[in-house]
Amino acid sequence: MNLINSSFLCLDIGTYGVRGIAHSVRNAKIIQSATHYVKNSNTIYALKCVIDELEQQLQTHFNSAFVTGNFGNADFKTISDITHWRDMHKITEQDLCSQISKITPQENFYNMHIIPIFYSIPTKNNISNTPIGRIDTELKSIFGVISYEQDKTKYISDIMRRSYVKAIGFFDPTFLHNSVYRKPKERVLFLDLGNEYTTVSIWSDRGPLSFDKIKFGQIDITKALASKLGISMQDADILKISVANAIPNEMDRFTPADSSEKFANFSRADVNEIFIPKLIELMKTIYTQSKNCIQQYKPTKIILTGGGSAIENIDTFLERAFHLPVDNQTDAATINALSTYIWNSKLPEREMYVQHQTKFANIFTKIAKIFHKRKNAKRKKFIPVMPSTLCFDMNDYATYSMFAAAGISMIHVDIMDGFYVDNIAGSIPELSNIRMKTKAHLHVHLMTESPSIWAQDAINAGANTIIISTNTSGVKEAINAVKIAGKRCGIALNPESNIELIVPILKDIDEILVMAVKPGAAGQTFDESVLQKIKKLHYTRKTHGLKYLISVDGGINPQTAKLCWNAGADLVVSGSYLAKAPDFPLAVQSLLKH
Ligand code: DX5
Ligand code: ZN
7 MNLINSSFLC
17 LDIGTYGVRG
27 IAHSVRNAKI
37 IQSATHYVKN
47 SNTIYALKCV
57 IDELEQQLQT
67 HFNSAFVTGN
77 FGNADFKTIS
87 DITHWRDMHK
97 ITEQDLCSQI
107 SKITPQENFY
117 NMHIIPIFYS
127 IPTKNNISNT
137 PIGRIDTELK
147 SIFGVISYEQ
157 DKTKYISDIM
167 RRSYVKAIGF
177 FDPTFLHNSV
187 YRKPKERVLF
197 LDLGNEYTTV
207 SIWSDRGPLS
217 FDKIKFGQID
227 ITKALASKLG
237 ISMQDADILK
247 ISVANAIPNE
257 MDRFTPADSS
267 EKFANFSRAD
277 VNEIFIPKLI
287 ELMKTIYTQS
297 KNCIQQYKPT
307 KIILTGGGSA
317 IENIDTFLER
327 AFHLPVDNQT
337 DAATINALST
347 YIWNSKLPER
357 EMYVQHQTKF
367 ANIFTKIAKI
377 FHKRKNAKRK
387 KFIPVMPSTL
397 CFDMNDYATY
407 SMFAAAGISM
417 IHVDIMDGFY
427 VDNIAGSIPE
437 LSNIRMKTKA
447 HLHVHLMTES
457 PSIWAQDAIN
467 AGANTIIIST
477 NTSGVKEAIN
487 AVKIAGKRCG
497 IALNPESNIE
507 LIVPILKDID
517 EILVMAVKPG
527 AAGQTFDESV
537 LQKIKKLHYT
547 RKTHGLKYLI
557 SVDGGINPQT
567 AKLCWNAGAD
577 LVVSGSYLAK
587 APDFPLAVQS
597 LLKH
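Read in order, the letters of the sequence shown are residues 7 to 600 in our numbering.
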């Protein structure tokens with residue numbers, strides 16, 4: 007499948023519902039995305055509804071899809087193999103293929119993923135990536151193999167065929183969670199609280215270290231609620247998600263389970279008295295099954311996914327049970343991971359295409375200049391959202407492609423000197439490095455003392471806008487230096503600082519960066535009291551005919567961005583929200599004015 011000019015569909019087919027996400031791709035960029043979820047145990051019906059809805063939203067037709075979901079029973083093995091050669095031999099792709107082809111699954115199973123865990127040759131024990139091209143007499147390999155029973159996958163293919171969609175790849179959910187949510191060097195315990203199965207698996211940079219699918223899932227908890235309370239499975243499911251609480255409250259005995267009439271006879275405690283023992287039983291099963299692996303591999307965090315991740319206080323419950331921090335990626339984690347995985351796996355082709363395009367574009371521009379032809383190209387809509395460099399790997403070319411694909415044209419470069427704020431982050435060499443990698447507008451946020459020295463350096467390193475922090479000495483000189491260099495100049499106003507502080511320079515500056523968090527770190531909570539300040543700046547600008555733009559930095563997410571737009575902001579900066587989002591272009595869209 008080419009992801010240059012096409013649309014692609016990803017499906018998460020569970021026993022009790024189907025989730026879908028689809029993207030339209032033009033010129034190697036995602037231009038539109040749509041998601042849809044239908045909760046219904048009639049998989050054919052749910053699948054049809056999801057595909058119809060996504061096709062309608064994207065105005066396209068899908069005849070193939072990438073698929074993840076509940077594929078039934080799974081098996082995990084580590085398999086090792088050694089190949090010897092009589093003389094020195096250059097290891098080829100063929101040699102690896104022949105090792106892999108020897109891995110046969112157990113009867114009625116097939117290998118879904120074969121992941122290299124370890125390669126070694128006599129002259130180098132432990133090769134970190136591929137051994138292809140190395141010269142030696144022996145190759146020892148260890149592979150982690152995830153296999154699934156054939157029946158369930160056949161059944162899913164069959165259902166898809168009835169919706170006229172062909173499966174072009176099956177992916178195990180934990181395999182996807184590992185590729186998207188685990189950071190390099192982390193050793194993670196993945197816990198997928200699915201409906202029919204609970205999957206417990208430990209992964210490190212090497213690959214899967216353990217993988218268990220336990221046939222005890224959320225449905226067993228729902229069944230217990232339904233039978234003991236004498237209600238339907240559907241109602242039990244509603245109670246499980248909206249009432250059950252992994253850490254119950256003392257007042258539960260006196261609180262009705264739900265305001266609707268059919269639950270009027272139960273208290274919250276009635277629900278929890280059935281729910282908690284079942285949850286503990288599930289946790290005990292998980293613990294007994296994975297105790298040895300946890301002790302052996304010592305994961306440092308839990309990444310939680312699956313329908314059960316929506317249970318109230320489940321994170322705290324797990325943190326207490328396993329003594330590990332929990333990163334809850336919610337029940338949409340699998341479908342998001344599939345779409346990100348597919349998109350990332352086509353990165354080299356996309357980059358090559360973009361390079362080609364740029365080359366051609368340059369040639370055309372030159373020709374157009376010679377003949378004084380005016381380009382009548384439609385202008386792309388400007389996106390007033392700036393990703394903050396603090397939360398992205400700016401050495402990685404993939405970051406720039408991702409920004410470009412989402413239509414980003416301004417990047418917010420955070421620089422901290424360790425004096426004005428406690429942290430040290432960003433630097434002038436890093437800024438130059440970013441400049442070399444992109445033509446985007448660089449919006450440099452100086453959280454530094456001596457702003458005039460830093461501003462001059464930032465100008466030389468290629469900054470387009472320079473934001474100076476208040477309460478530093480030499481603000482006036484810094485503004486002058488920026489103006490003389492012909493660059494845009496702004497002032498950052500900290501949450502506790504009043505507008506009065508900058509009134510004398512309002513007419514000299516191009517922008518006011520309203521800080522909605524204390525400068526110094528990403529990931530803090532938006533301080534709503536700054537909204538008043540934004541409104542006042544907006545009003546002052548209008549009444550005095552001033553020209554500055556109002557930008558907001560810190561704690562921006564779709565909810566807080568909306569508050570900022572309503573208050574009169576022109577631009578927003580976002581760090582952790584965008585960096586954590588599994589679908590970057592979709593996340594950028596979610597921050598825009600709607
Ligand atoms: C805070 C920085 C911000 C920060 C934004 O000192 O100036 O740019 O990285 O990150 P979030 O969006 O996570 O608050
Ligand atoms: Zn910033």
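For glycine and all other residues, C-beta sits at the position ideal for the given N, C-alpha and C.
Close-in-space but distant-in-sequence residues of the same chain around HIS67 (CB under 8 Å, 5 per side omitted) | GLU61
Could you say which of CYS397, GLY496, VAL488 lies nearest to THR476 if we only look at CA atoms?
-> GLY496
Any chance you could list the beta strand (DSSP E) runs of at least 3 consecutive residues sitting entirely within the segment 180-263, in chain order?
-> 194-199, 204-210, 213-220
Roughly how many whole angstroms lie between the Cα atoms of ARG326 and ALA573?
-> 42 Å
Work out the CA separation of PRO179 and GLU99 for me, nearest whole Å.
-> 27 Å
Which first and last residues belong to the beta strand (DSSP E) in which ILE474 is found?
-> 471-475
Report the rounded CA-to-CA distance for ILE50 versus ILE253, giving the unit in angstroms.
-> 37 Å
Beta carbon of ALA80 nearer than 8 Å to that of LYS219 | yes
Spatial distance of ALA328 from VAL194 (CA atoms) = Ala is not the amino acid found at residue 328; the sequence shown has Phe there. Cα to Cα, PHE328 sits roughly 12 Å from VAL194.
Extent of the continuous alpha helix (DSSP H) run through SER458 = 457-466
Under the rule that 16 or more other beta-carbon atoms within 10 Å means buried, what is HIS1, buried or exposed?
-> The displayed coordinates of the chain run from 7 to 600. Any statement about residue 1 would go beyond what the structure contains.
Closer than 6 Å by C-beta to ILE27: which residues in its own chain qualify, once you throw out the five before and the five after it? Chain order, please.
-> CYS16, THR41, ILE341, SER345
Unbroken stretches of the beta strand (DSSP E), 3 residues or longer, contained in the segment 482-507 = 494-499
Can you give the beta carbon distance from LEU592 to VAL391, rounded, assuming they're within the 8 Å contact cut?
-> About 12 Å separates the two Cβ atoms, so there is no contact after all.
For HIS544, is the beta carbon positioned less than 7 Å from some heavy atom of the ligand ZN?
-> no
Enclosing beta strand (DSSP E) for ILE27 [first to last residue] | 23-32
Give me whichever residues DSSP pairs with LYS307 in a beta bridge.
-> VAL194
Relative to the alpha-carbon of ARG32, which residue among ALA411, ASP321, MET118 has its alpha-carbon at the smallest distance?
-> ALA411
Looking at HIS447 and the ligand DX5, is the gap between the Cβ and the nearest heavy atom below 7 Å?
-> no
What's the gap between the Cα of MET453 and the Cα of ALA527?
-> 11 Å
Do PRO137 and ILE127 have their CB atoms nearer than 8 Å?
-> yes
Same chain only: Cβ atoms within 7 Å of GLY23, ignoring 5 sequence neighbours per side = TYR43, VAL44, LYS45, ASN46, ALA52
Alpha-carbon spacing of ALA498 relative to VAL520, whole angstroms | 6 Å
Pair within 8 Å by beta-carbon distance, LYS542 and ILE515 = no
Which of helix, strand or coil does DSSP assign to ARG167?
-> helix
Return the bridge partner residues of ALA80 from the DSSP annotation.
-> TYR154
Based on the DSSP secondary-structure assignment, which residues constitute the bridge partners of VAL578?
-> VAL391, VAL558
Please work out which residues of its chain come closer than 8 Å, Cβ to Cβ, to HIS447, disregarding the five sequence neighbours upstream and downstream, and give them in chain order.
-> SER415, MET416, ILE417, ASN470, THR471
Please go through the same chain and pick out, in chain order, the residues whose beta-carbon is closer than 6 Å to the beta-carbon of GLN105, but skip the five residues on each side of it.
-> ASP87, SER147
Under the three-state reduction of DSSP, which class applies to ARG140: helix, strand or coil?
-> coil
Can you list, in chain order, the stretches of the alpha helix (DSSP H) that have 4 or more residues and sit fully within the segment 264-299?
-> none
Taking the alpha-carbon positions, what's the TRP349 to THR311 distance?
-> 21 Å
Residues near the ligand ZN, criterion Cβ-heavy atom distance below 5 Å = ASP420, HIS451, ASP559
For TYR554, verify whether its CB is less than 7 Å away from any heavy atom of the ligand DX5.
-> no
Among ASP241, LEU182, LYS108, THR74, which residue has its Cα nearest to the Cα of LYS158?
-> THR74
Among VAL481, ARG441, ASN466, nearest to GLU455 - alpha-carbon criterion | VAL481
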